[in-house]
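In order, the protein sequences belong to chains A and B.
Read left to right, the first sequence gives residues 14 to 491 (the numbering used here).
Read left to right, the second sequence gives residues 87 to 299 (the numbering used here).
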Amino acid sequence: MAWFLFLVPLVFAGLAAAIPSNRWRPWLVPAGGLTHLLLTGFAVLGEPVSALNGWLMLDPVSTLVLGFVSIMFFVCSLYAPAYLALQQGRSNRVFCACLLAMLGMMTLVIMAHHLGLMWVAIEATTLATAPLLFFNHNPRSLEATWKYLLIGSVGIALALLGTFFLAYSSIHEGLEPTLMLDDLVRLAPKLSPPWLHAAFVLLLVGYGTKMGLAPMHTWKPDAYGEAPGLVGALLACGVTSCAFLAILRFYQICRNAPEAAFAREILIFIGLLSMAVAAVFVIRQRDFKRMLAYSSVEHMGILVLGIGIGGVAIYGALLHMITNGLTKGVMFLSAGNIHRAYESKSTDDVRGAMHRLPISGPLFLAGFLMVTGSPPGGPFISELTILIGTIQAGKYWVSGLFLTLLAIVFIGMGATVLRVVQGVPSAKAVATPYHDRPQLVIPVIIFFVMALILGVWIPHPLDSLLHQAAAYLEGGVP
Amino acid sequence: MNKFIDPILVLVLLLNFVALGASRMRTVIQAVVVQGMLLGVLIALAHGKLEIWVSMMALVTILLKGIAIPRMLFDAIRDVVIRREVEPIIGFIASLFLGAVGTGLAVLFSRTLPIAHADMGSLIVPAALSTVLTGFLMLTTRTKAITQVVGYLILENGVFIFGMLLMEAIPFLVELGVLLDLFVAIFVMGIIIHKISREFSSVSTQMLSELKE
């Protein structure tokens with residue numbers, strides 16, 4: 014089962030590379046997404062998944078992330094054929110193959126219980142997404158791809174050094190050297206503290222680069238700004254969730270070691286710093302796709318902050334990964350539609366999206382309200398849970414900063430979003446051929462409905478899985 | 087066997103300085119080629135007895151780092167016609183000086199970390215750290231896309247040196263995966279460099295400055 018989960022998307026990727034028809038090829042993406050979703054369903058409901066002597070395994074946390082990524086990829090994939098149909102005359106071979114390969118590699122990251130294997134898979138997602146960023150083939154996307162590739166690879170190289178340090182911290186104590194997650198969690202109290210310290214810092218910097226935490230976030234606005242909306246959505250909810258999972262793995266090890274307090278403080282600090290950086294750059298942001306990138310930096314900060322706080326905030330952070338991912342799906346895809354309709358992503362040109370795009374425009378506005386934590390959106394519940402966590406932990410100054418920064422981001426994003434949706438569209442914008450069509454808005458509506466439902470009601474299976482995952486992270490010994 | 091490890095690591099360190107101080111692109115790449123090959127030799131030495139997978143690993147390392155990757159880099163500089171001018175943001179003397187300071191810091195820092203393998207030679211950790219720092223220095227102070235790729239390679243070499251301490255903990259499969267990722271990364275970077283040179287008629291990343299706040 015474990016093999017199928019990550020090999021099937023790769024087979025689809027191979028098929029996509031082999032099929033000659035530019036018209037039919039994009040349909041392989043939803044087909045691959047659906048197959049993966051079905052396999053994930055079987056894996057989650059069926060027997061416990063384990064392969065390769067425990068190298069690949071589905072624990073509660075990875076079940077949660079896998080389910081989320083699989084659903085998210087499937088909904089995004091519904092958008093792909095119609096999007097690629099708009100790009101007639103350009104080969105989509107590399108694009109489709111890389112999308113599917115990215116799904117396979119993300120699955121491998123999620124299932125990996127061997128930290129070396131996980132590293133290999135995460136680097137592979139970086140490489141699979143680079144050609145996706147470059148799909149628009151213009152100087153700006155070239156620049157974005159170069160920065161993404163170089164900064165991402167360097168960050169990931171540091172994560173490898175951190176992984177090695179971690180392995181060495183067990184050798185030093187005369188223990189059997191290992192990179193198996195479960196062994197390391199068990200041995201954590203005996204690991205050599207200086208090495209573990211250094212390892213955690215390197216890993217946080219390395220995988221934090223991939224996740225887009227400040228101050229390692231510099232590739233993000235460029236990449237999200239230049240990438241097609243579809244790719245932005247997949248990066249912002251898929252790849253970043255995988256990087257977050259990697260950080261969770263190391264948190265799990267540190268939690269059982271005497272370094273737990275040190276790890277928590279760093280996570281809280283980085284989380285608040287990311288929120289602050291996002292708040293500074295989101296104000297007066299005239300490019301609405303870059304604005305989404307800073308929103309992503311902010312929410313990645315919220316995730317690690319939640320983990321750093323601990324207790325009920327861990328549940329909140331895991332829920333936030335899902336609610337934020339779903340609303341990011343709404344925002345990126347609708348922003349992609351707006352970008353296409355206006356052929357610009359600057360608020361100087363984009364006005365009156367409500368009139369120009371009667372479905373994408375309002376969804377963009379609704380997505381903004383949800384992502385900034387307005388009730389009854391999903392992120393409201395998860396952010397509230399994290400806030401309660403900070404109060405329960407007695408860290409009142411964190412609660413205060415958290416709320417202040419959320420408010421600043423709300424005002425900053427609001428100014429940009431309102432400029433986009435309100436007003437009267439220019440004559441030039443009305444003249445472009447693009448109009449909202451079912452295949453390009455239905456995925457956005459699905460994301461919107463899911464995010465809205467999570468705001469009012471969390472289904473019991475999801476709730477219990479979230480509790481199990483939080484307990485797994487906090488409980489330590491598997 | 088192991089008495090060769092420290093001298094080789096000293097060579098690796100010297101090559102860092104060659105890469106930092108050279109102004110010809112070709113010399114910089116050659117320094118990394120030799121460094122990569124030395125790493126292959128180190129793998130064979132560090133393990134003591136030559137089992138099949140160790141020699142395989144050493145061979146794959148030499149093939150990739152010593153032949154395949156440099157080939158791509160040389161192809162890249164031939165395509166975009168650059169021989170000289172590495173054009174550092176800071177001068178060569180200053181980079182050499184910073185490199186020396188970095189090496190000193192690496193030695194000091196590694197003293198604070200407890201080492202278990204006294205028999206492996208005392209230089210592995212400082213050599214790894216200082217090579218990583220050298221890679222960083224090249225990445226941040228050079229403007230040509232290719233030199234930045236070389237910086238990334240040096241950084242990766244540094245991580246690789248540290249990996250010597252963990253030959254037993256890291257399975258063959260994972261090591262191969264790491265090398266494969268590196269190879270594909272350089273391959274993709276090569277393609278992008280090619281596109282940059284076609285788009286901007288230059289491979290200076292200073293041209294890449296349109297995206298900013």
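Even glycine gets a Cβ: it sits at the ideal position worked out from N, Cα and C.
This one's a predicted model, so the numbers in the text were calculated from it and none came from an experiment.
When you compare only the Cα positions, how much space is there between residue i and residue j?
{"i": "A/Tyr220", "j": "A/Phe257", "result": "8 Å"}
{"i": "A/Ser287", "j": "B/Ala192", "result": "29 Å"}
{"i": "A/Lys441", "j": "A/Tyr355", "result": "8 Å"}
{"i": "A/Ala240", "j": "A/Gly319", "result": "29 Å"}
{"i": "B/Met87", "j": "B/Thr220", "result": "Legend: pLDDT at B/Met87 = 47, less than 50; position of this residue unreliable, no value from coordinates given."}
{"i": "B/Leu241", "j": "A/Ala276", "result": "26 Å"}
{"i": "B/Pro200", "j": "B/Val120", "result": "30 Å"}
{"i": "B/Ala117", "j": "B/Leu225", "result": "16 Å"}
{"i": "A/Ile471", "j": "A/Pro389", "result": "12 Å"}
{"i": "B/Leu150", "j": "A/Ala180", "result": "25 Å"}
{"i": "A/Pro491", "j": "A/Glu60", "result": "Unreliable placement is indicated for A/Pro491, whose pLDDT of 42 sits below 50; no coordinate value is reported for it."}
{"i": "A/Met334", "j": "A/Ile421", "result": "21 Å"}
{"i": "A/Ala227", "j": "A/Leu316", "result": "13 Å"}
{"i": "A/His185", "j": "A/Ala172", "result": "20 Å"}
{"i": "A/Leu51", "j": "A/Thr336", "result": "22 Å"}
{"i": "B/Met250", "j": "A/Ala93", "result": "45 Å"}
{"i": "A/Leu479", "j": "A/Phe81", "result": "12 Å"}
{"i": "B/Phe90", "j": "B/Val127", "result": "10 Å"}
{"i": "A/Ile459", "j": "A/Thr231", "result": "31 Å"}
{"i": "B/Val264", "j": "A/Gly380", "result": "39 Å"}
{"i": "A/Thr139", "j": "B/Val218", "result": "21 Å"}
{"i": "A/Ala464", "j": "A/Pro456", "result": "12 Å"}
{"i": "A/Ala348", "j": "B/Arg197", "result": "52 Å"}
{"i": "A/Leu285", "j": "A/Ser254", "result": "19 Å"}
{"i": "A/Ser166", "j": "A/Gly436", "result": "43 Å"}
CB residue i to CB residue j, shorter than 8 Å?
{"i": "A/Ser3", "j": "A/Ala137", "result": "Nothing can be reported for residue 3 of chain A: it is not among the residues displayed for chain A, which extend from 14 to 491."}
{"i": "B/Val301", "j": "A/Leu162", "result": "Lying outside 87 to 299, the shown extent of chain B, residue 301 of chain B is not represented and no answer is given."}
{"i": "A/Val252", "j": "A/Met119", "result": "yes"}
{"i": "A/Arg353", "j": "A/Leu99", "result": "yes"}
{"i": "A/Glu156", "j": "B/Glu296", "result": "yes"}
{"i": "B/Met143", "j": "B/Phe246", "result": "no"}
{"i": "A/Ser439", "j": "A/Asp361", "result": "no"}
{"i": "A/Gly314", "j": "A/Ala330", "result": "no"}
{"i": "B/Leu124", "j": "B/Val98", "result": "yes"}
{"i": "A/Pro392", "j": "A/Thr340", "result": "yes"}
{"i": "A/Gly425", "j": "A/Val310", "result": "no"}
{"i": "A/Leu346", "j": "A/Asp449", "result": "no"}
{"i": "A/Ile281", "j": "A/Ile322", "result": "yes"}
{"i": "A/Ile401", "j": "A/Val325", "result": "yes"}
{"i": "A/Ile394", "j": "A/Leu332", "result": "yes"}
{"i": "A/Asp300", "j": "A/Gly238", "result": "yes"}
{"i": "A/Gly175", "j": "B/Ile256", "result": "no"}
{"i": "A/Arg153", "j": "A/Asn105", "result": "no"}
{"i": "B/Thr147", "j": "B/Ile176", "result": "no"}
{"i": "A/Ala134", "j": "A/Val122", "result": "yes"}
{"i": "A/Gly168", "j": "A/Val218", "result": "yes"}
{"i": "B/Met158", "j": "B/Ile272", "result": "yes"}
{"i": "A/Trp159", "j": "B/Ile278", "result": "yes"}
{"i": "B/Gly185", "j": "B/Asn102", "result": "yes"}
{"i": "A/Val433", "j": "A/Ile351", "result": "yes"}
Tell me, which residues are paired with residue i by DSSP?
{"i": "A/Gly137", "result": "For clarity, residue 137 of chain A is Ala in the given sequence; the question names Gly instead. DSSP lists no partner for A/Ala137."}
{"i": "A/Ser359", "result": "A/Asp300"}
{"i": "A/Leu525", "result": "Coverage of chain A is limited to positions 14 through 491, which leaves residue 525 of chain A absent and any answer about it impossible."}
{"i": "A/Met124", "result": "Looking at the DSSP assignment, A/Met124 forms no beta bridge with any residue, so it has no partner."}
{"i": "B/Ser290", "result": "B/Lys230"}
{"i": "A/Met193", "result": "A/His127"}
{"i": "A/Ser63", "result": "A/Met70"}
Hey, is residue i's beta-carbon within less than 8 Å of any beta-carbon in chain C?
{"i": "B/Asp267", "result": "Note that chain C does not occur in the displayed structure, where the protein chains are A and B."}
Fully enclosed by the region 204-231 of chain A, which alpha helix (DSSP H) runs are 4 residues long or longer?
DSSP runs (the alpha helix (DSSP H)) wholly in the region 204-231 of chain A: 206-224.
If we count Cβ pairs, one from each stretch, closer than 8 Å, do we get three or more for the region 92-110 of chain A versus the region 54-69 of chain A?
Touching, no, given that fewer than three Cβ pairs across the two stretches are closer than 8 Å.
How do the region 65-77 of chain A and the region 23-33 of chain A stand: do at least 3 beta-carbon pairs fall below 8 Å, yes or no?
Verdict: no, contact absent.
Okay, do the region 199-216 of chain A and the region 261-274 of chain A touch, 3+ Cβ pairs below 8 Å being the bar?
Output reads yes: the region 261-274 of chain A touches the region 199-216 of chain A.
Where are the alpha helix (DSSP H) runs, 4 residues long or more, that stay fully inside the region 140-204 of chain A, in chain order?
Runs found: 152-185, 194-200.
Taking only runs of the beta strand (DSSP E) that begin and end inside the region 387-469 of chain A, which ones reach a length of at least 3 residues, in chain order?
The region 387-469 of chain A contains no complete beta strand (DSSP E) run of 3 or more residues.
In the region 276-323 of chain A, which residue ranges form an unbroken alpha helix (DSSP H) of at least 4 residues, counting only runs that do not cross its ends?
Listed in chain order, the complete alpha helix (DSSP H) runs (minimum 4 residues) inside the region 276-323 of chain A are 301-322.
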